[in-house]
Amino acid sequence: MANILIVDDDQEVGNFLRYFLMEKGLEVYIAYSGKDFRQLFVQRAYHLALIDVKLPDTSGLDILKDLKEQMPSCQTIVMTGYSTVKVAVEAIKLGANDFIEKPFDDLDALERTIDHLLANKATTAEINIDELARQSGIVTEKSEAMNRLLTLAYKIAPKNINVLIQGETGTGKELFAQFIHQASQRIGQPFIGINCGALSETLLESELFGHEKGAFTGAAKERKGVFEIAEKGTLFLDEIGEASMSTQVKLLRVLETGEYMRVGGENVQKTNTRIVSATHVDLAEAVASKTFREDLLYRLDVVKLVIPPLRERREDIRLIAEHLLKKTGLVIQLSEAAAILLEQYEWPGNVRELSNVIKRAISIMDEGTGVITTKHLPKKILSGKPLLMEKAKSSEQSFEEFLRHWTDDMLGAWNDEGKVEMEMVLNKVKLLEREIGKAFVMKVLKETVGDRQDAARRLNISMRKLRYLLNEKGQPSIK
Numbered sequence: 001m002a003n004i005l006i007v008d009d010d011q012e013v014g015n016f017l018r019y020f021l022m023e024k025g026l027e028v029y030i031a032y033s034g035k036d037f038r039q040l041f042v043q044r045a046y047h048l049a050l051i052d053v054k055l056p057d058t059s060g061l062d063i064l065k066d067l068k069e070q071m072p073s074c075q076t077i078v079m080t081g082y083s084t085v086k087v088a089v090e091a092i093k094l095g096a097n098d099f100i101e102k103p104f105d106d107l108d109a110l111e112r113t114i115d116h117l118l119a120n121k122a123t124t125a126e127i128n129i130d131e132l133a134r135q136s137g138i139v140t141e142k143s144e145a146m147n148r149l150l151t152l153a154y155k156i157a158p159k160n161i162n163v164l165i166q167g168e169t170g171t172g173k174e175l176f177a178q179f180i181h182q183a184s185q186r187i188g189q190p191f192i193g194i195n196c197g198a199l200s201e202t203l204l205e206s207e208l209f210g211h212e213k214g215a216f217t218g219a220a221k222e223r224k225g226v227f228e229i230a231e232k233g234t235l236f237l238d239e240i241g242e243a244s245m246s247t248q249v250k251l252l253r254v255l256e257t258g259e260y261m262r263v264g265g266e267n268v269q270k271t272n273t274r275i276v277s278a279t280h281v282d283l284a285e286a287v288a289s290k291t292f293r294e295d296l297l298y299r300l301d302v303v304k305l306v307i308p309p310l311r312e313r314r315e316d317i318r319l320i321a322e323h324l325l326k327k328t329g330l331v332i333q334l335s336e337a338a339a340i341l342l343e344q345y346e347w348p349g350n351v352r353e354l355s356n357v358i359k360r361a362i363s364i365m366d367e368g369t370g371v372i373t374t375k376h377l378p379k380k381i382l383s384g385k386p387l388l389m390e391k392a393k394s395s396e397q398s399f400e401e402f403l404r405h406w407t408d409d410m411l412g413a414w415n416d417e418g419k420v421e422m423e424m425v426l427n428k429v430k431l432l433e434r435e436i437g438k439a440f441v442m443k444v445l446k447e448t449v450g451d452r453q454d455a456a457r458r459l460n461i462s463m464r465k466l467r468y469l470l471n472e473k474g475q476p477s478i479k
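Just so we're aligned, residue 1 is where the sequence shown starts under full-length UniProt numbering, counting upward by one.
Given below as structure tokens:
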């Protein structure tokens, strides 16, 4: 018989879950506080724990950490209200298997979730993630950051919450949006994408909300908008930061009320469309510069997924290139020398640029050779700067190894009774400072699944300082 632990300070919720789970033949134990949890925790092993995020004497996230560290086989579900969904997403990043919102409106869904976790179908979930990623065109294998991001996207996909995808141009934001749609309950409904930066204000509003006949010049007949067409599906709003302030106001109304009106119309329409938006800019900075509404950002950014640029997951470059070659249907291979050059290039255009390079190489290679060599690559890759030695070292050795080597070098200089190269010593101190700063930033970025704003908050530094530590910007001025 499975042991179930409920951690919730609401006795009514505890009693409800007790009877609900006992009817399934499960053994149920209830902790109404962190103190109760600590007493129950040491008494037996638990197969599943349902944890409220808000408790009178502790945080549900702290309890989750204790469970994951000391009882890793215990499956965990975080219970939350809508206003604390961001906390629930944080819990998933910390290892929670799922989260459910209070009140429990769909008991069948709750029962399915519990049954699924008690059956310990983690392997099934991993297979599903791999299959959906492949179907969506997302190629990754070795990148730990991408695998964590896909896991998070998979877990939040069935929830009826909006998602904001952030990433540089060409990183595959629409592919992630399709992945979320494929993994959601809306799989049988339409998935429609709109690029907000490619249309004028009038045309964008017409595309989104539809228009009545004669609403503007050229509106010769009534037309449905994508909110109406994708009524129960997923609407992907790419480059949402490019939408005008007027369009932003109308989008905000849809997100708050589920209502909109066609351009030139008078009748209120209803929609149940899920919004997945994307941007290559920092919307928080756009809010600060008053080009984006803060209340709209709050509605869109219920969950944020930050896709790392290709240069930060070089371990996937060769795999993606081979995938692109396979898609052509031709028997073409990548030479080792060409693959190494591809892995060393910085890829400012990310996967889209890599795709164009592969297409170009295929078009100019000799017919019948079947191998892409360095001569088929563009000059920008052939003449591209090799990776900095420090960067290459950090990819080949752990931070701990770097510290050991640094310490050995410094002790060697200290114990050397001969001439001391003081300039070399001071440079090594600067190198240590650089590497420590970067290592801590990368560590926290992994914990936040690439969310730079969250990472900066945890490190108590500004975004500018974070970019500097990653060697992306010049040194910040000292005030």
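Glycine included, every Cβ here is placed at the ideal spot set by N, Cα and C.
> Thinking C-alpha only, which one of P190, V163, I138 is nearest S355?
Replying inline: I138
> Okay, do the segment 254-274 and the segment 232-241 touch, 3+ Cβ pairs below 8 Å being the bar?
Replying inline: yes
> When the Cα of E435 is compared with those of Y154, R352, F402, which residue comes out closest?
Replying inline: F402
>> Quick check on the DSSP output: the beta strand (DSSP E) that includes residue 497 runs from which residue to which?
In response: Given that the chain is displayed from residue 1 to residue 479, the structure contains no residue 497 and the question cannot be resolved.
> Looking only at its own chain, which residues have a Cβ that is under 6 Å from the Cβ of I332, when we skip the five neighbours before and after it?
Replying inline: L325, G370
>> Tell me the DSSP secondary structure of S206 in three-state form.
In response: helix
> In or out: W414 buried (at least 16 other Cβ within 10 Å) or exposed?
Replying inline: exposed
>> If the criterion is Cβ atoms closer than 8 Å, does the pair L55 and Y29 meet it?
In response: no
>> Going by DSSP in three states, M261 sits in which element: helix, strand or coil?
In response: strand
>> Please report the distance separating the alpha-carbon of L107 from that of A125.
In response: 22 Å
>> Classify residue 481: buried if its beta carbon has 16 or more other beta carbons within 10 angstroms, exposed otherwise.
In response: The structure shown does not extend to residue 481, since the chain is modelled only from 1 through 479, so no value can be given for it.
> If you follow the alpha helix (DSSP H) that M22 is part of, which residue opens it and which one closes it?
Replying inline: 11-22
>> On the DSSP letters alone, give me the boundaries of the beta strand (DSSP E) that N3 sits inside.
In response: 3-7
>> Could you compute how far the alpha carbon of K385 sits from the alpha carbon of P308?
In response: With a pLDDT of 42 at K385, under the threshold of 50, the modelled position of this residue cannot be trusted; read the value that follows with caution. Using only the alpha carbons, I get a separation of about 21 Å.
> Which partner residues does M79 have in the DSSP bridge list?
Replying inline: D52, I100
> Would you report the Cα separation of R318 and W347, rounded to the nearest angstrom?
Replying inline: 13 Å
> Is it true that the segment 209-228 meets the segment 254-268, where meeting means three or more beta-carbon pairs spaced less than 8 Å apart?
Replying inline: yes
>> Tell me the rounded alpha-carbon separation between A219 and L21.
In response: 58 Å
>> Quick check on DSSP: helix, strand or coil for V276?
In response: strand
> Helix, strand or coil: which one does DSSP assign to I307?
Replying inline: coil
> With respect to the beta strand (DSSP E) encompassing residue 482, which residues constitute its N-terminal and C-terminal limits?
Replying inline: The structure shown does not extend to residue 482, since the chain is modelled only from 1 through 479, so no value can be given for it.
>> Spatial neighbours of R186 within its chain, please: C-beta separation below 8 Å, excluding the five flanking residues on both sides.
In response: K232, G233, T234, R274
>> Can you confirm whether the segment 149-161 touches the segment 87-101 when touching is taken to mean that 3 or more C-beta pairs between the two stretches lie within less than 8 Å?
In response: yes
> R464 to E367, Cα distance in whole Å?
Replying inline: 50 Å
> Which two residues bound the contiguous beta strand (DSSP E) that contains E27?
Replying inline: 27-31
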